């Protein structure tokens, strides 16, 4: 599978400057960071959350845990992690577990942890388990311009 079409369209519309990084097949974000030789705090991990009003995405560094209370406070919603079947349904052009960070292109509110904007460069899933998109901080900030920013994750110990 190549880059998700929805992501490719957004990158094109935003005139984003980026590189594609190929890496050995991996299933977890931490394994992806290791396989691609990327620092975990610079690899963005996207999580699908839901409540009775619908879905949202939360984008955090791959070496962080989501703080549910913080994202609930930020969003004003009683969010929980979505089930795998929901992820497959929402992100039809992506492999399970390889969700790009631009949930807004899939029609949902997106929240991004501000710690990612502290990094000089960011990598994120392209929609499969063998490619990452790599871009400079300013490009990532522009790509995520429609997302709501906040601090809602912490480093895993």
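In the working numbering, the protein residues as written are 0 to 156. Ideal Cβ positions, reconstructed from N, Cα and C, are used throughout, including at glycine. Note that the structure is a prediction, hence the values are computed from the model and not measured.
Do you know how far the Cα of residue j is from the Cα of residue i?
| i | j | result |
| --- | --- | --- |
| residue 98 | residue 124 | 6 Å |
| residue 91 | residue 47 | 13 Å |
| residue 162 | residue 63 | Here the chain has residues from 0 to 156 only, and residue 162 is not among them. |
| residue 76 | residue 66 | 14 Å |
| residue 137 | residue 83 | 32 Å |
| residue 13 | residue 26 | 29 Å |
| residue 51 | residue 115 | 29 Å |
| residue 108 | residue 140 | 16 Å |
Any idea what DSSP makes of residue i, helix, strand or coil?
| i | result |
| --- | --- |
| residue 150 | coil |
| residue 19 | strand |
| residue 106 | coil |
| residue 6 | helix |
| residue 112 | strand |
| residue 73 | helix |
| residue 89 | helix |
| residue 49 | strand |
| residue 13 | coil |
| residue 134 | strand |
| residue 42 | strand |
| residue 57 | strand |
| residue 65 | strand |
| residue 80 | strand |
Kindly give me the distance between the Cβ atoms of residue i and residue j, rounded to whole angstroms, as I take these residues to be in contact under 8 Å.
| i | j | result |
| --- | --- | --- |
| residue 21 | residue 130 | 6 Å |
| residue 61 | residue 96 | Not really, about 12 Å apart at Cβ, beyond 8 Å. |
| residue 5 | residue 105 | 6 Å |
Under 8 Å between the Cβ atoms of residue i and residue j?
| i | j | result |
| --- | --- | --- |
| residue 122 | residue 9 | no |
| residue 110 | residue 43 | no |
| residue 81 | residue 49 | yes |
| residue 120 | residue 134 | yes |
| residue 89 | residue 74 | no |
| residue 163 | residue 126 | Residue 163 is absent from the structure shown; the chain starts at 0 and stops at 156. |
| residue 34 | residue 23 | yes |
| residue 70 | residue 151 | yes |
| residue 154 | residue 17 | no |
contact_flag[the segment 95-112, the segment 141-151] where n(CB pairs < 8 Å) is 3 or more: These segments touch.
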